[in-house]
């Protein structure tokens, strides 16, 4: 029976030692696994940061390109507006000149019409005087 107890104790001790070594082996494996996972997580975080930086750089470059395009378009619009302003100003001057000429012509036309009336009145007066003179001459001459 001693052998049985000794065997049983040896079996229990062997199981405990085996369990302990297995636990240590698995513990080391778990530690290795945790270390590998931690390393992979760090690498993933670094890669993520690198990609985020690259994406931000791409976005920044695209934004700068768009700003350049917008500024170019704004400059073109400003130039076009300046040209339109010049053209509008020129047309306004032409319109003002035409209005002045039209007023001048109307004034001259009015003056000419008045002069024509005066001339016609004088002409009628001269004709009347001429008829009167002729009548007097006929009366004097007895015809």
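Numbering (the working numbering), first residue to last: 37 to 179.
Positions of the beta carbon are idealized from the N, C-alpha and C atoms, including for glycine.
*residue 154 to residue 148 span [Cα, whole Å]*: 10 Å
ask   = Helix, strand or coil: which one does DSSP assign to residue 178?
value = coil
For residue 86 and residue 92, the rounded distance between their alpha carbons: 10 Å
Worksheet item: What's the C-alpha gap between residue 78 and residue 67?
Response: 16 Å
query = Just how far apart, CA to CA, sit residue 96 and residue 75?
reply = 31 Å
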